[in-house]
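Here's the structure we're looking at; comments come further down.
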Amino acid sequence: MNEPLLKVEHLKKNFPIRGGVFSKQIGAVKAVDDISFTIHKGETLGLVGESGCGKSTTGRMLLRLLEPSEGKIIFEGNDITKLSNRELRKIRGKMQMIFQDPYASLNPRHTIERILEEPLLVHGVKDKEARQKKVRELLEIVGLNSYHATRYPHQFSGGQRQRIGIARALSLNPKLIIADEPVSALDVSIQAQVLNLMKDLQKNFDLTYLFIAHDLGVVRHISDRVGVMYLGRMVELAESEEVYQNPKHPYTQALLSAVPIADVDYKKERIVLQGDVPSPANPPSGCTFHTRCPLAFEKCAVERPLFKEVEPGHFAACHLHG
Numbered sequence: 005m006n007e008p009l010l011k012v013e014h015l016k017k018n019f020p021i022r023g024g025v026f027s028k029q030i031g032a033v034k035a036v037d038d039i040s041f042t043i044h045k046g047e048t049l050g051l052v053g054e055s056g057c058g059k060s061t062t063g064r065m066l067l068r069l070l071e072p073s074e075g076k077i078i079f080e081g082n083d084i085t086k087l088s089n090r091e092l093r094k095i096r097g098k099m100q101m102i103f104q105d106p107y108a109s110l111n112p113r114h115t116i117e118r119i120l121e122e123p124l125l126v127h128g129v130k131d132k133e134a135r136q137k138k139v140r141e142l143l144e145i146v147g148l149n150s151y152h153a154t155r156y157p158h159q160f161s162g163g164q165r166q167r168i169g170i171a172r173a174l175s176l177n178p179k180l181i182i183a184d185e186p187v188s189a190l191d192v193s194i195q196a197q198v199l200n201l202m203k204d205l206q207k208n209f210d211l212t213y214l215f216i217a218h219d220l221g222v223v224r225h226i227s228d229r230v231g232v233m234y235l236g237r238m239v240e241l242a243e244s245e246e247v248y249q250n251p252k253h254p255y256t257q258a259l260l261s262a263v264p265i266a267d268v269d270y271k272k273e274r275i276v277l278q279g280d281v282p283s284p285a286n287p288p289s290g291c292t293f294h295t296r297c298p299l300a301f302e303k304c305a306v307e308r309p310l311f312k313e314v315e316p317g318h319f320a321a322c323h324l325h326g
């Protein structure tokens, strides 16, 4: 297999907890706690898990919107964690992000034309006519009209605003797009339209996606492979259908048991997890899931399981698999 477009090695992000008169650091929130994965050119990797598991933090670190505490982010063979801001600007156009809230991510005081022109200006497109032509092309690509360029974000629906967000992400012809819950704020009918648009764009422009979501049904629809995160750690990673048909980690099994089925006659056993998600400021010892896991045994509480290949192409971090 070819060298991956993106390779993440032992990535960590700790946010300091400060207290006392002098605001000294008294602890740390382990938002992302040693995760590794790859994304190959042209594929979609889905990243799922409960709120607070570190999905969005991971996505923001990949673009250096947040600085990693440890680890490597290798994009096209270059470790971007070592790049200066000036060096990083040169590759910014190749890595873009679609944000969760399509309204908050658009400046309400700017027209759509100005919003879409801004990345082009920053990256050296000085010709105003060329920028305007590009804006019209981008709007048409995402299913809007060129006359929309003179309007403001509040004049659009949620689905239209997200299309504008996608157009902005496409403006510099990126190779990798981090989509951070891009449809979670939209109605179900609009979600399908935006997902289909993203799939069409991927095919037409040879895009690679990291698709972050908490909705397992949405992730299954768009992803080639799926990674499952729990409390800052990757607990399972495999091809999409393999994860859904043959989950190896008890946490993944519990998540899938909660997905509603359209067939009213089909009965499936629901796995109900006990207790609350532990605090990432004070995670449990050993396997962080052992406090809620129905299959946990003594070893789980004292020894952290390795994230390893348990079947060809199927990775999991669980003592039940050797």
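Residue numbers for the sequence shown follow this note's numbering, beginning at 5 and rising by one. All C-beta atoms, glycine included, are put in the ideal place defined by N, C-alpha and C.
Q | CB contact flag (Leu-75, Lys-16, <8 angstroms) | A | Note that residue 75 is Gly in the sequence shown here, rather than Leu. In this structure, Lys-16 lies closer than 8 angstroms to Gly-75 by Cβ.
Q) Would a C-beta distance cut-off of 8 angstroms place Ser-188 and Ala-217 closer than the cut-off? A) A contact, by the Cβ cut-off of 8 angstroms.
Q: Can you say whether Gly-231 is buried or exposed, counting buried as having 16 or more other CB atoms within 10 angstroms of its CB?
A: Counting Cβ neighbours within 10 Å, Gly-231 comes out buried, since at least 16 surround it.
Q.
Any contact between the region 273-288 and the region 200-210? By contact I mean 3 or more CB pairs, one from each, below 8 angstroms.
A. These segments do not touch.
Q: Measure the C-alpha to C-alpha separation of Gly-23 and Ala-285 and round it to an integer number of angstroms.
A: Using only the alpha carbons, I get a separation of about 14 angstroms.
**Q.** Inter-stretch contact (C-beta, 8 angstroms, three-pair minimum) for the region 251-264 and the region 196-203
**A.** Too few Cβ pairs lie closer than 8 angstroms, so no.
Q: Give a yes or no on contact between the region 309-318 and the region 234-253, applying the rule of three or more CB pairs nearer than 8 angstroms.
A: Contact holds: three or more Cβ-Cβ distances are below 8 angstroms.
Q. Does the region 177-191 come within contact of the region 139-156, defined as at least 3 CB pairs closer than 8 angstroms?
A. Because the criterion of three Cβ pairs below 8 angstroms is not met, the region 177-191 and the region 139-156 do not touch.
Q.
Which residue wins for smallest C-alpha separation from Leu-260, given the options Asp-37, Val-25, Val-52 and Lys-28?
A. Among Asp-37, Val-25, Val-52 and Lys-28, the Cα nearest to that of Leu-260 is on Val-52.
**Q.** Exposure label - His-158; buried when at least 16 CB within 10 Å
**A.** Result: exposed.
Q: Could you tell me the distance, in whole angstroms, from the CA atom of Lys-86 to the CA atom of Ile-95?
A: Using only the alpha carbons, I get a separation of about 13 angstroms.
Q.
Assuming Val-36 and Gly-236 are in contact, meaning their beta carbons sit under 8 angstroms apart, how far apart are those beta carbons, in whole angstroms?
A. That pair is a contact at about 5 angstroms.
(Q) Let's see if you can read the secondary structure: which residues bound the beta strand (DSSP E) around Phe-293? (A) Where Phe-293 is concerned, there is no enclosing beta strand (DSSP E), given that its DSSP letter is neither H nor E.
Q: Starting from Lys-138, trace the alpha helix (DSSP H) both ways and give me its first and last residue.
A: 132-145 is the span of the alpha helix (DSSP H), which, as asked, contains Lys-138.
**Q.** Cβ pair count under 8 angstroms reaching 3, the region 219-228 against the region 298-308
**A.** Touching, no, given that fewer than three Cβ pairs across the two stretches are closer than 8 angstroms.
Q: Enumerate in chain order the residues of its own chain whose CB-to-CB distance from His-14 is below 8 angstroms, with the five nearest sequence positions on each side excluded.
A: Cβ within range, chain order: Asp-38, Ile-39, Ser-40, Glu-74, Gly-75 and Lys-76.
(Q) Tell me the DSSP secondary structure of Leu-176 in three-state form. (A) DSSP places Leu-176 in coil when its eight states are reduced to three.
Q: Answer with buried or exposed for His-294, where buried requires no fewer than 16 other C-beta atoms within 10 angstroms of its C-beta.
A: With 16 or more other Cβ atoms within 10 Å, it is buried.
Q. For Asp-37, does the three-state DSSP call read helix, strand or coil?
A. DSSP places Asp-37 in strand when its eight states are reduced to three.
Q.
Given this structure, state the Cα-to-Cα distance separating Asn-250 from Lys-45, to the nearest angstrom.
A. Taking the CA atoms as reference points, Asn-250 sits about 25 angstroms from Lys-45.
Q. Quick one, which of Ile-84, Asp-228 and Cys-304 has its alpha-carbon nearest Tyr-248's?
A. Nearest neighbour of Tyr-248 by Cα position, chosen from Ile-84, Asp-228 and Cys-304, turns out to be Asp-228.
Q. With 16 other CB atoms within 10 Å as the buried threshold, where does Ala-171 fall?
A. With at least 16 other beta carbons inside 10 angstroms of its own, Ala-171 counts as buried.
**Q.** Arg-308 and Cys-291 closer than 8 angstroms at C-beta
**A.** Going by C-beta atoms, Arg-308 is nearer than 8 angstroms to Cys-291.
Q: State the DSSP-derived secondary structure class of Gln-104, mapped to helix, strand or coil.
A: Residue state, collapsed to three classes: coil.
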